[in-house]
Amino acid sequence: MKMIAIVTGALMALVLGFASSQAAPTEQPKTVTLLFVQNASGFTVGKDGRTLTLKGVGPTTLYFSDRPERLAGHFRTKEDYLPLWTDGKDSFLKDPPNATLSVFENGQKELTDVVVKLQRPRLEGNDLTYDMTVIEGTLPGASGPAALFIDVIGMPMTPYSYAGAARRGYRR
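Dropping the structure here:
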């Protein structure tokens, strides 16, 4: 009787070991590429031309992705968006993004667009300041309503990522 129990136990161990070795390989988390939009009532440029301050910036930063995921939503600027500049292997700190500042100049009907590189964001009240370098275009002299379209960042689509949480909310 004891021998049957030992043989049965050994066979079960072999079967379980074989079954676990045949399990599907662990899937790597997908990455989603997000773009961001920040809206403001206006902007200012520092006297040295190296800082851009969005005046009256909204409390949330919009995000969206392209196909195939087609995610859209918003992050709280202070709590969720600003940490993207320092956290993670693909942070903006390691690879500063380009952005397009799109402005309705006071009294003008057409938009002015300027491409800039952004660094070191800091939020003070409703004003969000970036260090910036102009890449293309000329900053307008007068400020009107502005939108900042910020280039991509890759984010993992895991249950604990911002994008993963957004995806789950989107599909519900």
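Residue numbers (our numbering): 27 to 198. Yeah, the Cβ is synthetic: ideal placement off N, Cα and C, and Gly gets one too.
Rounded C-alpha distance that separates residue i from residue j
i: residue 140; j: residue 161; result: 8 Å
i: residue 204; j: residue 112; result: Not covered by the structure: residue 204. The range shown for the chain is 27 to 198.
i: residue 149; j: residue 107; result: 11 Å
i: residue 178; j: residue 59; result: 6 Å
i: residue 202; j: residue 123; result: For residue 202 there is no data in the structure shown, the boundaries of the chain being 27 and 198.
i: residue 135; j: residue 159; result: 26 Å
i: residue 73; j: residue 95; result: 42 Å
i: residue 89; j: residue 147; result: 17 Å
i: residue 105; j: residue 144; result: 19 Å
i: residue 103; j: residue 65; result: 11 Å
i: residue 200; j: residue 155; result: A query on residue 200 cannot be resolved here, the shown segment of the chain reaching from 27 to 198 and no further.
Counterpart residues of residue i in DSSP-defined beta bridges
i: residue 149; result: 154
i: residue 102; result: 86
i: residue 68; result: 81
i: residue 1; result: Because the chain spans 27 through 198 in this model, residue 1 falls outside it and cannot be assessed.
i: residue 162; result: 141
Among the options, nearest to residue i - alpha-carbon criterion
i: residue 57; options: 91, 126 and 71; result: 91
i: residue 98; options: 147, 87 and 72; result: 87
i: residue 131; options: 109, 104, 164 and 100; result: 164
i: residue 166; options: 138, 67, 64 and 156; result: 138
i: residue 93; options: 126, 61 and 151; result: 61
CB of residue i within 8 Å of CB of residue j, strictly
i: residue 78; j: residue 129; result: no
i: residue 80; j: residue 172; result: yes
i: residue 157; j: residue 76; result: yes
i: residue 175; j: residue 63; result: yes
i: residue 68; j: residue 151; result: no
i: residue 118; j: residue 110; result: yes
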